[in-house]
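**Q** Numbering (UniProt numbering), first residue to last: 1 to 301.
We put the beta carbon where it would ideally sit given N, CA and C, even for glycine.
Dumping the structure here so I can ask a few things about it.
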Amino acid sequence: MPADHACWGPCEGGESGFQAWQCCPREALPCPAAPPPTSRRPPVMHFPLPSTPTEWHQFAGTLFGVFDYVPDTVFFIKDADRRYLHANTTLLERLHCPDLAALVGKRVEEVFPGALSLSYAVQDSTVLQGGRLVEHLELHLYPSGAQGWCLTTKQPLRDEGGRIRALLGISRDVSLPAGEAGYARALRLIQEEYARPLSVLEIARAAGVSRATLQRQVKRACQLSPKQLLTRVRLDAGLRLLQTTDHTVGQIALECGYYDHSAFTRAFHAALGLTPAEYRALLQGRESGPDAHPEDAPARP
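Written out as C-alpha cells, the structure is:
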C-alpha cells in the first residue's frame, strides 16, 4: 500500500461472527485497493477473530507478517489482560528478545522499567476500555540507551458481540530528513530559535511559505505537524541538558522555550511517560552499576 495511506483500524460494527477492519485513506484520498466508496464511510474488510494463542499467532503471522520487513516500524497485538500475543521482528530486536516466545504472555511491567511501564500500562488500559491513541508523538528508550522518536497508534479489537478482545498497536520511527526548501528553512529556524516563543505562523513566514504549505511540507518530510516538530526539537534539547548538566528542571524549561517548569514537565511526560526528574533518576540508575540497567523503555508496549 502506498506510503500516503494509513490502514488497520477496527471499526465499531461488523457482521455477525466477524471482526470488521477498515482501510482509512489519509487526506481523503481514495484507497486504491478498493472501488471508490459511495459514501463517506471507508471500505470495510472482514476477518474472523481467533480464540487461542496458537490461532492468534497464525492469524497475526498471516495477516501482518509483512511488518517483519519494515525495520522502522514496531507492530504488536495484546490480549484483554495486556499480555503480548504477537510482535514483529523490529520490536523483538529492540527489546533484545531472542524470539517471539520470549515476549508472548508478558505485560509491559515485565519488559520495561517501572516508571515507564506504568505509563504504557495506563495507555493500554485506556485502549482496552474503548479509547484510541492516534499518531501520538513519543520518545522511546531502548536497552542500549539509544533514543528514538516515533508516532504511535493503538486501537481495540472487538469480537462479534462488540466485546473488546485485544488491542493492536503500530509505532513508526520519525526522522528529520532534508526536504523541500520551505521545510528546510523552517527546520533551521526551529533548531536555532527553539528557546524563544515561536508560532506556526511565524515559522511559515520565515520559511517563505503559507501556513498550509508549511503543514504539507513538514508532514511530507517527517510525518509531523509543525507544532509536533517544534515540540520534538525542544524536548531533544531538554534531554541533552538533563543528561549533560546539573541545571534545575526550571532552568532547563526556560532554555528550551517553555514559559515555566510545569509546561515543560507536561510536554516531557506526554512524550516519554516520565517527568524530567524521573528521567534523570533513570539515567543515574543506569550509571550506578550493571544491575541498574533498565531492560528498556520503548515507544509503546
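#1: Return the CA-CA distance between SER39 and GLU93, expressed in angstroms with no decimal places.
#2: Span of the alpha helix (DSSP H) holding PHE112?
#3: Can you pull the DSSP bridge partners for GLN155?
#4: What does DSSP give as the partner residue(s) for ALA181 in the beta ladder?
#5: Have a look at HIS269 and TYR279 and give me their C-alpha separation to the nearest angstrom.
#6: Here's the rule: buried if 16 or more other CB atoms are within 10 angstroms of the residue's CB, otherwise exposed. What is ARG82?
#7: Between TYR84 and GLY65, how many whole angstroms is the CB-CB distance? I'm expecting something under 8 Å.
#8: Can the beta-carbon of LEU224 be found closer than 8 Å to that of ARG211?
#9: Can you check the region 56 to 111 for any beta strand (DSSP E) of at least 3 residues that lies completely inside it and give the ranges in chain order?
#10: By the 10 Å Cβ neighbour count, where 16 or more other Cβ atoms means buried, how is ARG163 classified, buried or exposed?
#11: Could you check what DSSP says for ASP260 in three-state terms: helix, strand or coil?
#12: Rounded to whole angstroms, what's the CA-CA distance from PHE67 to LYS154? Just pull it up for me.
#13: Taking the alpha-carbon positions, what's the TYR69 to THR89 distance?
#14: Is the region 179 to 196 close to the region 211 to 221, with three or more CB pairs under 8 Å?
#15: For the pair the region 202 to 209 and the region 234 to 246, tell me if three or more CB-CB distances fall below 8 Å.
#16: Taking the alpha-carbon of residue 350 as reference, which of CYS97, TYR259, LEU239 and PHE264 has the nearest alpha-carbon?
#17: What is the rounded straight-line gap between the Cα of PRO177 and the Cα of LEU151?
#18: Thinking C-alpha only, which one of ARG172, LEU272, ASP72 and GLU55 is nearest TYR120?
#19: From LEU235 to GLY161, what distance separates their C-alpha atoms?
#20: What residues in its chain sit with their C-beta under 6 Å from that of SER117, if we drop five residues either side in the sequence?
#21: From the DSSP secondary-structure annotation, give me the bridge partner or partners of CYS150.
#22: Tell me the residue span of the alpha helix (DSSP H) that contains GLU160.
**A** With the structure as the only source:
#1: Any reading at SER39 must be qualified, since the residue scores a pLDDT of 41, below 50, and its modelled position is unreliable; the value itself is stated next. If you take the alpha carbons of SER39 and GLU93, they lie about 42 Å apart.
#2: PHE112 -> no alpha helix (DSSP H), and no H or E assigned at all.
#3: LEU168
#4: ALA181 is not bridged to any residue.
#5: 10 Å
#6: buried
#7: Incorrect: roughly 16 Å between the Cβ atoms, too far for contact.
#8: Their beta carbons are not under 8 Å apart, which means LEU224 does not touch ARG211 by this criterion.
#9: 73 to 79 and 84 to 87, all fully within the region 56 to 111.
#10: exposed
#11: ASP260: coil per DSSP, three-state reduction.
#12: 16 Å
#13: Distance between the alpha carbons of TYR69 and THR89: 8 Å.
#14: yes
#15: In short, these stretches do not touch, since the Cβ pair count stays below three.
#16: Past the boundaries of the shown model lies residue 350; the chain is included only from 1 to 301, so the question cannot be answered.
#17: 16 Å
#18: LEU272
#19: Cα-Cα distance, rounded: 43 Å.
#20: If we look at SER117 and ignore the five residues flanking it on each side, its Cβ neighbours are VAL108 and GLU109.
#21: GLU138 and ASP173
#22: Counting along the chain, GLU160 falls outside any alpha helix (DSSP H), and DSSP gives it neither H nor E.
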